[in-house]
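Presented below is the structure to which this report refers.
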Amino acid sequence: NARIKCVSVNDNEGWRNALCVVQIFPLGAEPVHATSLRYPWVHLLEEWIETGDLSSLLDQATKQKLIVDGEEVLLNSKFGFNQWGFEPGGNDYSRLAGYCYKSAINEPITIPSKPLLAYQSELPFYSNVYQAIQDWMGLKQFHNDSDARRGSVIVFAPECRAGFKTLDVKDGKLFILTRSGSEELGKNLKVKGAWMVNGINRNFEVQFDREIVLDVPEEAKEVELYLLRPDEIMYDFHHETKYWVRGQGRVLGVDTTGRDSQVIINRALLSGECETVEFKPFILIGDKKWNEIIKTIIAFANTRGGIIIFGVNNYCSVEGVGRGINKLAKKEGCSVDESMERYKGEIKKLAGDNLNRGLMLDINDTNYTGHRVITVRVPEGQEKPYAHIKTNKIFVRRGSNNMLPDPDTELPQLLPGMHEGYY
Numbered sequence: 401n402a403r404i405k406c407v408s409v410n411d412n413e414g415w416r417n418a419l420c421v422v423q424i425f426p427l428g429a430e431p432v433h434a435t436s437l438r439y440p441w442v443h444l445l446e447e448w449i450e451t452g453d454l455s456s457l458l459d460q461a462t463k464q465k466l467i468v469d470g471e472e473v474l475l476n477s478k479f480g481f482n483q484w485g486f487e488p489g490g491n492d493y494s495r496l497a498g499y500c501y502k503s504a505i506n507e508p509i510t511i512p513s514k515p516l517l518a519y520q521s522e523l524p525f526y527s528n529v530y531q532a533i534q535d536w537m538g539l540k541q542f543h544n545d546s547d548a549r550r551g552s553v554i555v556f557a558p559e560c561r562a563g564f565k566t567l568d569v570k571d572g573k574l575f576i577l578t579r580s581g582s583e584e585l586g587k588n589l590k591v592k593g594a595w596m597v598n599g600i601n602r603n604f605e606v607q608f609d610r611e612i613v614l615d616v617p618e619e620a621k622e623v624e625l626y627l628l629r630p631d632e633i634m635y636d637f638h639h640e641t642k643y644w645v646r647g648q649g650r651v652l653g654v655d656t657t658g659r660d661s662q663v664i665i666n667r668a669l670l671s672g673e674c675e676t677v678e679f680k681p682f683i684l685i686g687d688k689k690w691n692e693i694i695k696t697i698i699a700f701a702n703t704r705g706g707i708i709i710f711g712v713n714n715y716c717s718v719e720g721v722g723r724g725i726n727k728l729a730k731k732e733g734c735s736v737d738e739s740m741e742r743y744k745g746e747i748k749k750l751a752g753d754n755l756n757r758g759l760m761l762d763i764n765d766t767n768y769t770g771h772r773v774i775t776v777r778v779p780e781g782q783e784k785p786y787a788h789i790k791t792n793k794i795f796v797r798r799g800s801n802n803m804l805p806d807p808d809t810e811l812p813q814l815l816p817g818m819h820e821g822y823y
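Here it is, written out as structure tokens:
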């Protein structure tokens, strides 16, 4: 069956499409059906149809309208599907790879930037329509009024015959779990690709199996994986650079062998400051060096994420933050634990006050070899580029330095839409 999800906005002419996504689901893989939500000026619609009825739905679209859950939704006057591409597994629409068809946007749609607010308890609160679109459609990210999908109709057809299930790195090896519709099909498939190491491609080629294990070169900065059959038909792929990833999720620089603080700190001390590690001593709140923290957070978010460890000097020697926290506690007349919580809260506030987009930081304190240290784990951002809200400056991570992105090579990779889809 196929599910139609549509968000429509009321204008002077009627209910106009803000985004419509039609997804075909394999047998037995349908998600729970939802009931349409109707706010005074925005409708979140859902309807299920038989796959065979898709042609009549597309016929409707050629007349610049759709009927979704009994409601007429207006499309732009020059509607037509003129873009298509192959999306890897783990895309915005499905865990499976598949074919994505998208209509052109020839007319801008005006979407008011006001909250979706209704008294009825069955209608949840949304800060704006874009937040509602992302949640209702189940999208990983939506770039608000700069998202190229605004006002479009998207049809996604999954590739059910074969693909990658999961990619996971442990102990310097990449474990690839795969799927195929039949054992006979799997015999004719192979995985080809390359690691990018110090600017040089290291190619690999392996026969298809239920589990494939590859050695990960220590200095690998990019990786490409393609699942192919003999006639070059592609069933799935994964492409990852230091700035973005398309596929199952980032694997380079992410080793799931151990995730507790002690293991993370051990590894950081062994590696020293690098693309994903930054050391800081205790810094007084409001000190001029306080702004260096936000630069690092921005750079990590725009690159591959990373960790800031407070209480380690530039020589990788653990000094802890205990002395500084104790002084802060005495000055403020509070307990050491209260002082620690306030300090961590100030780091969180620093990010909230100075980032152009929200970012969830994981801030903890722990004892390490008798010293108290603070770890700030910064995820790779999902809404790049991240910038300093007061200066509009964007930073990326190069080695152990926070740098302005190269306008010709790095900045284009951070901008939305520059690497979406093989169209």
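For the sequence shown, the residue numbers in this note's numbering are 401 to 823. Virtual Cβ for every residue (Gly too), placed ideally from N, Cα, C.
- Taking all protein chains in view, the Cβ of D765 is crowded by 16 or more other Cβ atoms within 10 Å, so the residue is classified as buried.
- Annotation: the continuous alpha helix (DSSP H) that includes P812 extends over 811-814.
- In terms of Cβ geometry, I511 and V409 form a close pair [threshold 8 Å].
- In this chain, the beta strand (DSSP E) harbouring R798 covers 796-798.
- Using a 10 angstroms sphere on the CB of Q662, the tally of other CB atoms stays under 16, which defines it as exposed.
- In the three-state DSSP reduction, D453 falls in the helix class (H, G or I).
- Distance check between E413 and each of S477, E446, Y743 places S477 closest, using alpha-carbon atoms only.
- Your pair I612 and I576 checks out as a contact, with CB atoms roughly 4 Å apart and the cut at 8 Å.
- In the DSSP assignment, A668 falls outside any beta strand (DSSP E) and lies within the alpha helix (DSSP H) extending over 661-671.
- Taking 8 Å as the cut-off, the Cβ atoms of T703 and E675 count as close.
- Rounded to whole angstroms, the separation of the alpha carbons of A562 and P785 is 34 Å.
- Around the beta-carbon of W595, 16 or more other beta-carbon atoms lie within 10 Å, marking it buried.
- Residue pairing by DSSP places Q483 opposite K502 in a beta bridge.
- Apart from sequence neighbours up to five positions away, the residues of its chain that approach Q607 with a beta-carbon distance below 7 Å are K590, ordered along the chain.
- V407 sits close to V529, with the two beta carbons spaced by under 8 Å.
- The DSSP-derived three-state label of L728 is helix.
- Per DSSP, K793 lies in no alpha helix (DSSP H) segment and is marked neither H nor E.
- When only Cα atoms are considered, G724 and P681 end up about 9 Å apart.
- Sequence-distant Cβ neighbours of G705 in its own chain, meaning closer than 6 Å and more than five residues away, are V778, P779, E780.
- Taking 8 Å as the cut-off, the Cβ atoms of L625 and G593 count as close.
- When Q520, Q534, K514 are compared, the shortest CA-CA separation from S527 is found for K514.
- The DSSP assignment places 553-558, 562-570, 573-580, 590-597, 600-607 as complete runs of the beta strand (DSSP E) inside the region 552-612, in order along the chain (cut-off: 3 residues).
- Counting the other CB atoms within 10 Å of its CB gives P558 a total of 16 or more, which places it among the buried residues.
- The Cβ atoms of W448 and R495 do not sit closer than 8 Å to each other.
- Q520 sits in coil when the DSSP states are folded into three classes, being neither helix nor strand.
- For M537, the uninterrupted alpha helix (DSSP H) segment begins and ends at 529-537.
- For the pair T451 and F564, the Cα-to-Cα distance works out to about 25 Å.
- Under the three-state reduction of DSSP output, Q423 falls in the strand class.
- Distance from the CA of F481 to the CA of K463, rounded to the nearest whole angstrom, comes to 13 Å.
- The beta carbon of L669 sits closer than 6 Å to those of C716, all from its chain and outside the five residues before and after it, given in chain order.
- Rounded to the nearest angstrom, the Cβ distance from R549 to L628 is 29 Å, too far for a contact under 8 Å.
- Counting along the chain, the unbroken beta strand (DSSP E) around V409 starts and ends at 402-411.
- Less than 8 Å divides the Cβ of K695 from the Cβ of F795.
- Going by DSSP, G706 is part of the beta strand (DSSP E) stretching over 706-710.
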